[in-house]
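So the structure is just underneath, and the comments pick up after that.
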Amino acid sequence: MNVIKDRLLAFIEDSFEEYSIERSASGEPDVFLVALLVKGTLPSRRVEVLAETDSGISVTRCMSIARWLRNAFEENEEIRNLVGEDYGLMVSSPGIGEPIQHARQYIRHKGHLLRVRYTDAGDAEHEVSGRLVEVEVVETTSPFIVLEPEKVSKGRKRERLEPVRLELNRIKSAVVEVEF
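In full-length UniProt numbering, the protein residues as written are 1 to 180.
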C-alpha cells in the first residue's frame with residue numbers, strides 16, 4: 001500500500017501545483033496538500049485528500065479541486081490502475097481540533113490560540129498554550145513559530161508571559177484551541 005500511496009501522493013502534489021498555477025490568474029491562493037489517506041482494495045479504493053490554503057479553504061474550493069483531481073485521475077492510466085474503476089474521492093479541509101500536519105497551516109492560524117507539545121534542546125518534553133504571534137515557515141532554512149503564552153490568574157485576569165520561540169523540528173504536536 002505504501003508504494004500506491006507514495007505514487008498517488010506525488011501525482012496529487014503535482015496536480016495541486018498545476019491547479020494553483022491555473023487558478024493564480026484569478027487571484028485564488030495556492031492550495032497545498034495537508035494529508036492523503038488511501039483506504040480499501042481494488043477495484044474500489046477510497047482516496048481522501050485534505051487540502052488547505054494560507055487563508056483557509058471553502059467547500060466550493062474543495063469541490064473544484066475534487067473535479068480537477070477526478071479529471072486528472074481519468075486522464076492518467078497508471079493512476080486509474082492504482083485506484084481502480086470504482087474508486088471514491090473525497091477532498092476536504094482538516095477538521096477543527098486536529099493536529100497541524102503541514103508547516104504552512106501555521107500561517108492560516110496566526111492570531112489563534114494553540115496548544116503545543118515540544119522538546120527542548122535536552123529532549124525534555126513540554127507543553128505550552130498561547131497565541132500564535134509570528135510564523136516563519138516559508139523560504140527559510142530554520143522554520144519557527146512564536147507563541148505568546150497567557151496565564152490566567154485568580155479573578156480571571158490574563159497575565160501575558162514572555163513569548164516562546166519554537167523551531168518546527170522540535171514541535172511534537174500543535175492543535176488550534178477553539179475559543180468561545
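Ideal Cβ positions, reconstructed from N, Cα and C, are used throughout, including at glycine.
With respect to Val175, Gly97 sits close: the two C-beta atoms are nearer than 8 Å.
Excluding residues up to 5 positions away in sequence, Asp54, Val135 lie with their Cβ nearer than 6 Å to the Cβ of Ile107 in the same chain. In the three-state DSSP reduction, Tyr118 falls in the strand class (E or B). In the same chain as Lys110, and ignoring 5 residues on each side of it, the C-beta atoms closer than 6 Å to its own belong to Leu132, Val135, in chain order. In this structure the segment 39–46 does not lie against the segment 61–77, because fewer than three pairs of beta carbons, one per stretch, are closer than 8 Å. Under the criterion of beta carbons closer than 8 Å, Val31 and Ile79 do not qualify as touching, at roughly 19 Å.
Judged by beta-carbon spacing, Leu166 lies within the 8 Å limit of Tyr118, meaning their Cβ atoms are closer than that value. Its chain contains Val137, Pro143, Leu168 as the residues whose beta carbon lies nearer than 7 Å to that of Ala103, once the 5 sequence neighbours on both sides are disregarded; these appear in chain order. In the DSSP annotation of this structure, the continuous segment of the beta strand (DSSP E) that includes Lys39 starts and ends at 31–39.
Residue burial annotation: Arg61 is buried, with at least 16 other C-beta atoms found within 10 angstroms of its C-beta. Boundaries of the beta strand (DSSP E) around Lys172: 171–176. In the three-state DSSP reduction, Thr60 falls in the helix class (H, G or I). Taking a C-beta distance under 8 Å as the contact criterion, Ser173 and Pro149 do not qualify as a contact pair. Counting along the chain, the unbroken alpha helix (DSSP H) around Ser24 starts and ends at 2–24. By the C-beta density criterion, Glu52 is buried, having at least 16 other C-beta atoms within 10 angstroms. When the Cα atoms are used, Phe16 and Arg67 turn out to be separated by approximately 12 Å.
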